[in-house]
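Residue numbering for the sequence shown follows UniProt numbering, beginning at 1 and increasing consecutively. Glycine residues also receive a C-beta, built at the ideal position from the N, C-alpha and C atoms. The structure presented is a predicted model; accordingly, all values stated were derived computationally and were not measured. Notes follow the structure.
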Amino acid sequence: MGSEGVPAAQDALLRRMYEVFSTDEREPFMERCLAPDVDWPNVLDGVRLRGREAVRAYWARQFAAGHPLVRLEGLRPDADGEAVVATVRPGMRDASGDLWTEETVEHVYRFDRDGLVTRMGDVRTRSSGGPAASG
């Protein structure tokens, strides 16, 4: 999983953020990765959220509906060099185990001077076809 050209601090923060997203460590880590006024997409409702508390409530809603998973597959600078693109594979955990989609999604992150995420946006899907796979 390469990340050439991504600043080391942003690389480390995003890797840790994806590691803890599906765990109980998500809550305490939020304070160390998201800016207080973070701008975050609510893909369930097609709107933007503002602030950690709104993101916290959104994540709680996601986990109440099921157990979402995301596996980081790569990081790279975006075309203008002002943001970092994370390629991830979404999935869901259920009684039969972890189910992963065949498609990947790109999340684009912007950061403040303190290294915190100020915006996650431009979510793009890259399909490789086929049904969800177990893995």
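Please report the distance separating the alpha-carbon of W59 from that of A65. If you take the alpha carbons of W59 and A65, they lie about 10 Å apart.
Notebook entry, point to check: Applying the criterion that 16 or more other CB atoms from any shown protein chain within 10 Å of the CB defines a buried residue, is F111 buried or exposed?
Noted result: buried
| request: Look at the alpha carbon of A132 and the alpha carbon of P36, and state the distance between them as a whole number of angstroms. | output: Bear in mind that a pLDDT of 36 at A132, under 50, signals an unreliable position, so the number given afterwards is only what the model happens to contain. In a straight line, the C-alpha of A132 is about 35 Å away from that of P36.
Suppose contacts are defined by Cβ-Cβ distances below 9 Å. Is V117 in contact with V38 by that definition? yes
Residue ranges of each alpha helix (DSSP H) within the UniProt domain "SnoaL-like" (15-120), 4 or longer = Counting only runs of 4 or more, we get 26-33 and 52-65.
Which residue wins for smallest C-alpha separation from G97, given the options M17, G121 and L69?
L69
Round the Cβ separation of R48 and N42 to the nearest angstrom and send it over; I've been treating them as touching at under 8 Å. 7 Å
Give every residue of the same chain whose Cβ lies closer than 6 Å to the Cβ of S22, excluding the five residues on either side of it in the sequence, and list them in chain order. L69
Mind checking H67: buried by the 16 CB within 10 Å criterion, or exposed? exposed
**Study point:** Distance between beta carbons of V105 and V88, contact taken as under 8 Å
**Key:** 5 Å
Option nearest M30 by Cα separation, candidates A9, R52 and L44: Taking only the C-alpha atoms, the option nearest M30 is R52.
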